[in-house]
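FYI, the numbering for the sequence shown is 1 to 751, going by UniProt numbering.
Heads up, the beta-carbon is just placed ideally off N, CA and C, and yes, glycines get one too.
Remember, predicted model here, so these are calculated numbers, not experimental data.
First the structure, in the form of structure tokens, and then the observations on it.
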Amino acid sequence: MKRIITRQENFEEKEVNLHEALFSNANGYIGVRGNVEEGVPNGWNTMRGTYINGVYEIIPMKQAESLCNLIEKKQTMLNVADTQTICLIADGDVFDLTTGKIIVNERVLDMEQGVTRRHVIWVSPDGKEIELSVTRMTSFLIPSLFTIEYNVKALNFDGLIEIKSYHIADVKNYSNPDDPRLADDSGALLNVDVVKWREDMSVAVSSTKVSGISVASAVSHRLRLPGKAEISYGKEEGRTLYHVKAEVKQGEELSLIKYSTFSDSVREDDPEEFARETLKEAMRGNLADIYEKQKEYVTEFFDNSEMEIDGDEELGQAVNFNMYQLFQSATRDKHCSIAAKGLSGEGYEGHYFWDTEMYVAPFFILTNPELAKNILQYRYGILDKARENAALLGHKKGALYPWRTITGEECSGYFPSGTAAYHINGAIAYTIVQYYLTTGDIDFMFDQGEEMLLETARLWFDVGNYDRAGHFVINEVTGPDEYTCMTDNNYYTNCCAAYNMSMAVSFAEKHSSSKRVKELLDKLGVTTKELKEIKMAAEKMYLPYDEELGINPQDDSFLQKPVWDLKNTPREEFPLLLHYHPLHLYRYQVCKQADTVLAYFLFEDGQSKEVMKKSFEYYEKITTHDSSLSTCVFSIVASRLGMHKKAVEYFGDSIKLDLLNTHNNSGDGVHTANMGGSYMAIVNGFAGLRITAEGISVDPFLPSGWKKYSFKIRYKKSLLKFTVSKSGAVCEVLEGDKIVVKGVNEMRYGK
Ligand code: BGC
Numbered sequence: 001m002k003r004i005i006t007r008q009e010n011f012e013e014k015e016v017n018l019h020e021a022l023f024s025n026a027n028g029y030i031g032v033r034g035n036v037e038e039g040v041p042n043g044w045n046t047m048r049g050t051y052i053n054g055v056y057e058i059i060p061m062k063q064a065e066s067l068c069n070l071i072e073k074k075q076t077m078l079n080v081a082d083t084q085t086i087c088l089i090a091d092g093d094v095f096d097l098t099t100g101k102i103i104v105n106e107r108v109l110d111m112e113q114g115v116t117r118r119h120v121i122w123v124s125p126d127g128k129e130i131e132l133s134v135t136r137m138t139s140f141l142i143p144s145l146f147t148i149e150y151n152v153k154a155l156n157f158d159g160l161i162e163i164k165s166y167h168i169a170d171v172k173n174y175s176n177p178d179d180p181r182l183a184d185d186s187g188a189l190l191n192v193d194v195v196k197w198r199e200d201m202s203v204a205v206s207s208t209k210v211s212g213i214s215v216a217s218a219v220s221h222r223l224r225l226p227g228k229a230e231i232s233y234g235k236e237e238g239r240t241l242y243h244v245k246a247e248v249k250q251g252e253e254l255s256l257i258k259y260s261t262f263s264d265s266v267r268e269d270d271p272e273e274f275a276r277e278t279l280k281e282a283m284r285g286n287l288a289d290i291y292e293k294q295k296e297y298v299t300e301f302f303d304n305s306e307m308e309i310d311g312d313e314e315l316g317q318a319v320n321f322n323m324y325q326l327f328q329s330a331t332r333d334k335h336c337s338i339a340a341k342g343l344s345g346e347g348y349e350g351h352y353f354w355d356t357e358m359y360v361a362p363f364f365i366l367t368n369p370e371l372a373k374n375i376l377q378y379r380y381g382i383l384d385k386a387r388e389n390a391a392l393l394g395h396k397k398g399a400l401y402p403w404r405t406i407t408g409e410e411c412s413g414y415f416p417s418g419t420a421a422y423h424i425n426g427a428i429a430y431t432i433v434q435y436y437l438t439t440g441d442i443d444f445m446f447d448q449g450e451e452m453l454l455e456t457a458r459l460w461f462d463v464g465n466y467d468r469a470g471h472f473v474i475n476e477v478t479g480p481d482e483y484t485c486m487t488d489n490n491y492y493t494n495c496c497a498a499y500n501m502s503m504a505v506s507f508a509e510k511h512s513s514s515k516r517v518k519e520l521l522d523k524l525g526v527t528t529k530e531l532k533e534i535k536m537a538a539e540k541m542y543l544p545y546d547e548e549l550g551i552n553p554q555d556d557s558f559l560q561k562p563v564w565d566l567k568n569t570p571r572e573e574f575p576l577l578l579h580y581h582p583l584h585l586y587r588y589q590v591c592k593q594a595d596t597v598l599a600y601f602l603f604e605d606g607q608s609k610e611v612m613k614k615s616f617e618y619y620e621k622i623t624t625h626d627s628s629l630s631t632c633v634f635s636i637v638a639s640r641l642g643m644h645k646k647a648v649e650y651f652g653d654s655i656k657l658d659l660l661n662t663h664n665n666s667g668d669g670v671h672t673a674n675m676g677g678s679y680m681a682i683v684n685g686f687a688g689l690r691i692t693a694e695g696i697s698v699d700p701f702l703p704s705g706w707k708k709y710s711f712k713i714r715y716k717k718s719l720l721k722f723t724v725s726k727s728g729a730v731c732e733v734l735e736g737d738k739i740v741v742k743g744v745n746e747m748r749y750g751k
């Protein structure tokens, strides 16, 4: 299958922002928006940015009333130096796609090579015709490296080509005070400390005022010319300029390679030196070799993660696009995680939410477990902060992970749909268990996993209490549906809590003779009595059920509220969060996203199929899917309930969400949770994959119109390839020993 996405652009303002996100380059460490090198006219909605995962500034978050222990500051991901700006002047005419005439304007995401490309043929207002071919890459092998190969050809003239390549350190973050999903204006967050030329290498170092982080970037060029050129090295306030003037003849091409490297003080003692040295090292070889390695790297990724859909080429491409974006976003170290928008934009300020564990990690657990492990190790690294967060909220024991964060401190300013979403603890716990069941990595459990399970379990025990009927209840929390906040006994949260508590205890009990577990329990001061209490609370967990309707209410008061009239709500009023006061929304039965329905996917043994089906149909009518985390889950649960047509429809809404910009905000960055979710819609939904303590099974169906589909996953020591066709599923064991997979028609061994 071809893994290339090509789009023709008319170059209009409405497309620019979206294409910047869709054609962004990232490698888990740096992310560069797909901005056009020459820039766009003033006033256009553009987010020009380069980001380093986990690099942030701390900014004030004013609370109108300073109630006790409310958060007064937050972290925000930094836009670091701009090394993508290149201006072109063709015989006196400034290259600008809003003037003159566009003959060709094409953007390409080439997932086979791991690069993006731009191809332009443009005629200036004075009739000078040029051809521009640009290839951009953030290297997977040298994570701090970003390259732009910029080729210009004079198509119908002899004359002067001028190229001005900038290294701009005085940049600002994007802001939009009218959209709660973006930062409001906080001014410049980086102080420029150094901008200089060291011979032909431009170096910039900037630092933040509050977080004390410094970032460095280094830029250098390589030029290939038909003849001679005049080159000058300029310096202006906060930026440097590399200026080339070359006489070319018609048909001749000028080629510039711009190498940039980035570094930061979170990871390096001397970021400037690191950026300089990596740049030198990268430039020692030649770019063709780095391209070759990039290709090998992405080929290996797709080999590990392969998913093919036979019968719908476009859908197959969309699946590959989503997987590739996830791969671009995935942290390669333990300093950070995967942000809601990956590294493709500033939406949600580069924060890590529950999205990472609940929606994105499953893809990596199954395909690239070492990347999934980074995500969990990052959570372990902030466990102490989660303990502090719990204490801040008045809990005597345990750890509460922050709703949104970069380094572990809570960064959500509006606690009803932020901090109160305690279910993030459940997402982390669930993922730890899934990682363990899938990989069998028991050392991780002993070293880090069980400690997180126990501390999150303790938190649940502390937040809940027994009611008069002897049920364990959890009050005043917010479930996934953010149109209903601060309620009692959110069905989803209670399921998560019960699972979290019982898993923490069962691991400790199962390995009670292990020295490592004993030491851990000692270290945490967890007694046998405490384990018993936690286990009991899990068993006695209250799960709301309504006899009359035969469904699980989302929470205790949910069914007492009037149902929102979705049919008569004008289209322009969606998403509701941008048009209605939150309190107004909270008083209705209206859901932003899957909540109880998500619980049915994760904890399907908790209810009968009949109850799940009735509930599914109930929530379907009142869910707006205003959150991108929703339709994928409805698809999975529809598959599991045998509603195949619906499952395919919901999947259709999810799979191209960014490519078609159906939520109208993909320009702020791609929706990584949905991307992971649409992957699960195929693997866990259509194919019905389940990995439990009992083993691995599938329960597949073939969507109508598809001839077959296949995907590869890693399970324990095996590499498995599933192919689902009309006649059921075949599982090929490509690596590893004999295993049992329930639900398949046939097992095959060997490549
Ligand atoms: C969703 C949350 C999600 C956040 C970040 C919100 O719109 O309601 O569930 O964590 O976006 O993606």
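Cross-strand partners of residue i (DSSP beta bridge)
i: I161; result: A90, A246
i: I121; result: V104, E131
i: S718; result: Y715
i: G728; result: S725
i: A26; result: G31
i: I52; result: I30
i: K742; result: S697
i: D110; result: I4, V115
Three-state secondary structure assigned by DSSP to residue i
i: M47; result: coil
i: Q434; result: helix
i: T631; result: helix
i: Y588; result: coil
i: P60; result: strand
i: W460; result: helix
i: residue 753; result: The structure shown does not extend to residue 753, since the chain is modelled only from 1 to 751, so the question has no answer here.
i: H167; result: strand
i: A537; result: helix
i: K497; result: The question names Lys, but residue 497 is Ala in the sequence shown. Residue state, collapsed to three classes: helix.
i: T692; result: strand
i: K396; result: coil
i: S66; result: coil
i: M137; result: strand
i: V648; result: helix
i: M77; result: strand
i: K510; result: helix
i: E149; result: strand
i: Y483; result: coil
i: L531; result: helix
i: N304; result: helix
i: V195; result: strand
i: S615; result: helix
i: V298; result: helix
i: A673; result: helix
i: T407; result: coil
Distance cut-off 7 Å: residue i Cβ against heavy atoms of the ligand FMN
i: E572; result: Ligands displayed in this structure: the ligand BGC; the ligand FMN is not among them.
Anticipated Cβ contact below 8 Å, residue i with residue j, distance rounded
i: N322; j: M680; result: Actually they do not touch by this definition, with Cβ atoms about 11 Å apart.
i: I148; j: Q84; result: 7 Å
i: V733; j: T723; result: Actually they are not in contact, since the Cβ atoms of V733 and T723 sit about 13 Å apart, beyond 8 Å.
i: I257; j: T672; result: Contact flag wrong, Cβ pair sits at about 31 Å.
i: E268; j: F274; result: 4 Å
i: S666; j: L18; result: 6 Å
i: L393; j: L383; result: Their Cβ separation, rounded to whole angstroms, is 16 Å, which puts L393 and L383 out of contact at 8 Å.
i: L585; j: Y483; result: 4 Å
i: T498; j: A469; result: According to the sequence provided, residue 498 is Ala. The question's Thr does not apply to it. Wrong, their Cβ atoms sit about 17 Å apart, outside the cutoff.
i: S220; j: M201; result: 5 Å
i: Y348; j: G677; result: About 16 Å; that fails the 8 Å criterion.
i: T116; j: N25; result: 6 Å
i: L141; j: Y291; result: Not confirmed; about 11 Å, so no contact.
Any residues whose CB sits closer than 6 Å to a heavy atom of the ligand BGC? List them in chain order? My final list is A340, Y348, F353, W354, D355, P480, E482, K592, Q593, S627, L629, A673.
What are the uninterrupted segments assigned as beta strand (DSSP E) that are 3 or more residues long and contained completely in the stretch 249–295, given in chain order? As far as the stretch 249–295 is concerned, its whole beta strand (DSSP E) runs of at least 3 residues are 253–264.
In chain order, which continuous runs of the alpha helix (DSSP H) of length 4 or greater are located wholly inside the stretch 332–371? The qualifying runs are 361–367.
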